[in-house]
Amino acid sequence: MDQDVESPVAIHQPKLPKQARDDLPRHISRDRTKRKIQRYVRKDGKCNVHHGNVRETYRYLTDIFTTLVDLKWRFNLLIFVMVYTVTWLFFGMIWWLIAYIRGDMDHIEDPSWTPCVTNLNGFVSAFLFSIETETTIGYGYRVITDKCPEGIILLLIQSVLGSIVNAFMVGCMFVKISQPKKRAETLVFSTHAVISMRDGKLCLMFRVGDLRNSHIVEASIRAKLIKSKQTSEGEFIPLNQTDINVGYYTGDDRLFLVSPLIISHEINQQSPFWEISKAQLPKEELEIVVILEGMVEATGGGPLLPTACASATVTSLSWLQVRHDPESRHLLFPSPGNSVQHLPAHRLEHTGLPPRGTESRDGSNQLEEEHSVITQILPALKGKAK
1 MDQDVESPVA
11 IHQPKLPKQA
21 RDDLPRHISR
31 DRTKRKIQRY
41 VRKDGKCNVH
51 HGNVRETYRY
61 LTDIFTTLVD
71 LKWRFNLLIF
81 VMVYTVTWLF
91 FGMIWWLIAY
101 IRGDMDHIED
111 PSWTPCVTNL
121 NGFVSAFLFS
131 IETETTIGYG
141 YRVITDKCPE
151 GIILLLIQSV
161 LGSIVNAFMV
171 GCMFVKISQP
181 KKRAETLVFS
191 THAVISMRDG
201 KLCLMFRVGD
211 LRNSHIVEAS
221 IRAKLIKSKQ
231 TSEGEFIPLN
241 QTDINVGYYT
251 GDDRLFLVSP
261 LIISHEINQQ
271 SPFWEISKAQ
281 LPKEELEIVV
291 ILEGMVEATG
301 GGPLLPTACA
311 SATVTSLSWL
321 QVRHDPESRH
331 LLFPSPGNSV
341 QHLPAHRLEH
351 TGLPPRGTES
361 RDGSNQLEEE
371 HSVITQILPA
381 LKGKAK
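For what it's worth, the working numbering labels the leading residue of the sequence shown as 1, then goes sequentially.
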């Protein structure tokens, strides 16, 4: 007689519904999943905005030149080939119709007949004559005669329209080729931006450099803070842009970019970071967009203006210490963790002195827990610009 064997029962913990999972404490979700922040501008400088449900698309045709220049290269080349092919076929068809209506096709072998265009005996020869006329090749085998006034008028029209098409299409291709977008590829920004003390003031700093030997003339830099805002009337502005002063009033925004430079923004009462503290910074949903503009030296100060753009979010911002002496690892300038708004004025004045350390059990000199040792001030130049 078989005995009943109890099979082990696997107890599965019920999965929480989505609403219950959303109600979990924030620190649990942060530890398990990395926080994702939507960027207004991608890190390589390209805008991360896609226009949808655009009405009145005919406005793009009112500025057809800019529309063609903004297209990708594959569409530009396709339009370039199609425009010339269509014009050649169109005028070739008209030349063939003129010869057909005049009866030149019926008198091809008649030496006493004077055709509109000599040696035009079909559509293929009319198409070749159209190409020769518009491109001004003129092989001399097919020639228009003086007995065809309508052909003379068509020749004038095709010559004028062909010149217009050449000027328009060659102009588009020239502007497309001469765009300094690739020049901006060698303008690089630091991977991270830091908030630290400089000259007794709390500053936001990042670094920018040029990899080429040819300099950027009249280089200027500006920065924008993109952050949601709610007005006193209750209006919510999702992508509010605020200027970040990087030396506009002092002229420090004008750069002589022969070597990597550190761009500094003083966090004062006019700064958008006035109320942000070290503990509050990781919780903020903000984005810093840096724009570098200038003229290419190789063009002789021409109209070629490369625009390098970079973006940084709170994941790229670090609240750091600045090393006082590279050989002495315990001498640091402390960066206050509070916001500048709640920071006593005397603390900023005396931050030039190295802080006192606390003696540890092993006898090494350590700083307070608030001031951690940073082994690197700014990271190497890695971020590519647009």
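For glycine and all other residues, C-beta sits at the position ideal for the given N, C-alpha and C. Source: prediction; values computed, not measured.
K224 is bridged by DSSP to D243 and V289.
Distances from the alpha-carbon of Y141 to those of V117, H265, E134 and L154 put V117 closest. Put simply, the backbone Cα of T145 is about 12 Å away from that of A99. Here the segment 159-167 makes no contact with the segment 186-202; the two share fewer than three CB pairs at distances below 8 Å. DSSP, read as helix, strand or coil, puts K283 in helix. If you draw a 10 Å sphere on the C-beta of Q158, you find 16 or more other C-beta atoms in it, and that means buried.
Closest in alpha carbon position to W96, among G294, I216 and F123, is F123. A buried status is given to I216, since no fewer than 16 other beta-carbon atoms sit within 10 Å of its beta-carbon. Our two residues, F90 and L155, have alpha carbons roughly 13 Å apart in a direct line. When beta bridges are read from the DSSP output, Q230 appears opposite F236.
Sixteen is the threshold: when 16 or more other Cβ atoms of the shown chains lie within 10 Å of the Cβ of P272, as they do, the residue is buried.
Per DSSP, reduced to three states, the secondary structure at E275 is coil, with no helix or strand assignment. Per DSSP, the continuous alpha helix (DSSP H) segment holding M82 begins and ends at W73 to R102. Of the other Cβ atoms in all chains shown, fewer than 16 fall within 10 Å of the Cβ of S228; this residue is therefore exposed. Residue range L261 to E266 is occupied by the beta strand (DSSP E) that includes I262. DSSP places I64 in the uninterrupted alpha helix (DSSP H) bounded by I64 to D70. Annotation: L204 to I195 spans about 4 Å, alpha carbon to alpha carbon. Buried is the label assigned to I226, since at least 16 other Cβ atoms lie within 10 Å of its Cβ. Residue environment: K46 is assigned as exposed (fewer than 16 neighbouring CB atoms within 10 Å of its CB, all protein chains considered).
In the displayed model, K176 falls within a helix according to three-state DSSP. DSSP, read as helix, strand or coil, puts R198 in strand.
DSSP places I137 in the coil class of the three-state scheme, outside both helix and strand. Residue environment analysis places E287 among the buried positions, since at least 16 neighbouring C-beta atoms fall within 10 angstroms of its C-beta. Here I262 is near R207, since their CB atoms are less than 8 Å apart. Annotation: F256 is outside any beta strand (DSSP E) and is labelled neither H nor E by DSSP. Judged by DSSP secondary structure, S190 falls within the beta strand (DSSP E) whose first and last residues are L187 to S190.
A Cβ-Cβ distance of about 5 Å is found for the pair S214 and E297, placing them in contact under the 8 Å criterion. Contact between G92 and S130 holds: their C-beta atoms lie close to 4 Å from each other, under 8 Å.
Of the candidates D253, I237, Y249 and N268, the residue whose Cα lies closest to the Cα of R222 is D253.
Distance from the CA atom of A193 to the CA atom of K278, rounded to whole angstroms, is 14 Å. Across the structure, F256 and G209 are spaced so that their CA atoms are roughly 10 Å apart. Rounded to the nearest whole angstrom, the C-alpha separation of E293 and I79 is 31 Å. Around the beta carbon of L202, a 10 Å sphere encloses 16 or more other beta carbons of the protein chains shown; the residue is thus reported as buried.
Put simply, the backbone Cα of A219 is about 40 Å away from that of M82. The Cβ-Cβ distance between E134 and W88 falls below 8 Å.
Y60 is a Cβ neighbour of T67, given a cutoff of 8 Å.
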